[in-house]
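S.K.:
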Amino acid sequence: SSLPTFLTLVQPGLMAMQGADAAREKWHARLAMPIRKKHHRTEFLRARVECGADGRLLSTPVEQQGSGMLRGVVEANCFIVIAEAARELGAGDVVEVIPLPGLC
160 SSLPTFLTLV QPGLMAMQGA DAAREKWHAR LAMPIRKKHH RTEFLRARVE CGADGRLLST
220 PVEQQGSGML RGVVEANCFI VIAEAARELG AGDVVEVIPL PGLC
């Protein structure tokens, strides 16, 4: 949970304090599989994003999602952002993704 918090709150704040543009480019991708969540809070899922055969971005959550499971961080190249109001998302639904450093 510390990595998405840093990327969404701390890094933009540090950039703004340095006088740089704190806005990050928004990426969107289609989900490769359905996602369900049980609670009403924004969630950041570790995922892999890649270019599909049709030229669109496709994002697949990695299996290891627990906060103590570092393997999921190593396998991921982005976070899928699931809004607090969302409960179920289907395969093919468009979601926001936050690329991890080094992706582009």
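In my numbering, the protein residues as written are 160 to 263. No residue lacks a Cβ here, since even glycine has one placed at the ideal position from N, Cα and C.
1. Of the choices E202, K197, V169, whose alpha-carbon is the least far from that of C237?
2. Please determine, among I241, S226, A182, P258, the residue with the shortest C-alpha to C-alpha distance to R200.
3. Taking buried to mean at least 16 other C-beta atoms within 10 Å of its own C-beta, is V256 buried or exposed?
4. Which residues in the same chain have their Cβ closer than 8 angstroms to the Cβ of W186, if we skip the five residues on either side of it in sequence?
5. Return the residue from the list G178, R205, Q170, M176 that minimises the CA-CA distance to R230.
6. Taking buried to mean at least 16 other C-beta atoms within 10 Å of its own C-beta, is S218 buried or exposed?
M.R.: For this structure:
1. As a working mapping, residue 237 is identified with position 78 in the sequence shown. Residue E202 is the option with its Cα nearest to C237.
2. Looking up residue 200 in the sequence shown gives position 41. R200 has its Cα closest to that of I241, out of I241, S226, A182, P258.
3. The residue labelled residue 256 in the question sits at position 97 within the sequence shown. Answer is buried; the Cβ neighbour count reaches 16.
4. Taking the sequence shown and counting its residues from 1, one reaches residue 186 at position 27. The residues are V208, L216, C237, E255, V256, I257, P258.
5. Residue 230 sits at position 71 when you count from the first residue of the sequence shown. Looking at the Cα atoms, R205 is the closest of the given residues.
6. Along the sequence shown, read from residue 1 onward, the residue named residue 218 stands at position 59. It is buried - the Cβ of S218 has at least 16 other Cβ atoms within 10 Å.
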